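Each number in the numbering used here comes from the position in the sequence shown (counting from 1) with 1098 added on.
One structure below.
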Amino acid sequence: MSKFERFMRYRYGQDQLNNFLAGCYLVLLLIRTFSKIQIVVVVSYTLMSLLLITIVYRFFSKKKIQRSRENHHYLNFKYKIRAFFRRYTNRFSNRSTYKYFKCPNCQQQLRVPKKRGKVSVTCPKCHHVFDQKT
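Structure, rendered in structure tokens:
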């Protein structure tokens, strides 16, 4: 076993949050490289320094549980944003075939095929029955 492997044995290492922070670092590097405005250069340099310190600290940290928890919070936030955009993308692509509406009782989002006239809908969440025009 090499010295580096022994050194890294109890370290946290790389994860998705570090990958995201590294991507932000690269974006700031591009902004700083192509910007001619002095305040933008100074702000981007400061943010780049903070990001680099954070990335290195997280990578070599021995507090695996805390770093794992941070990554878990990041992934939850990321998946919520993705689900939000996926929901509205699907809704937009299906707008010609489905009518979307909310249950008046529990606000559950429902969809019914279009051009069916007036239909009686039962909410799968609260079992409230109501009429809806499609």
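Cβ atoms here follow ideal geometry from the backbone N, Cα and C, with glycine treated the same way.
Here the structure is a predicted model, which is why all the values come from computation and not from measurement.
Beta-carbon proximity check, residue i vs residue j, cutoff 9 Å
i	j	result
Thr1195	Pro1211	yes
Phe1183	Gly1111	no
Asp1113	Asn1169	yes
Tyr1177	Phe1118	no
Lys1216	Lys1231	yes
Beta-ladder partner(s) of residue i, from DSSP
i	result
Arg1209	Tyr1198
Val1227	Thr1220
Boundaries of the beta strand (DSSP E) in which residue i is found, first to last residue
i	result
Thr1220	1216-1220
Extent of the continuous alpha helix (DSSP H) to which residue i belongs
i	result
Lys1101	1101-1106
Ser1159	Segment: none, Ser1159 is in no alpha helix (DSSP H) and carries neither H nor E.
Gln1114	1114-1132
Distance between residue j and residue i (C-alpha atoms, nearest Å)
i	j	result
Lys1197	Asn1174	29 Å
Arg1149	Val1219	Contrary to the premise, residue 1149 reads as Leu rather than Arg in this sequence. In a straight line, the C-alpha of Leu1149 is about 51 Å away from that of Val1219.
Arg1104	Leu1127	33 Å
**Three or more C-beta pairs below 8 Å linking the region 1133-1149 and the region 1162-1182** = no
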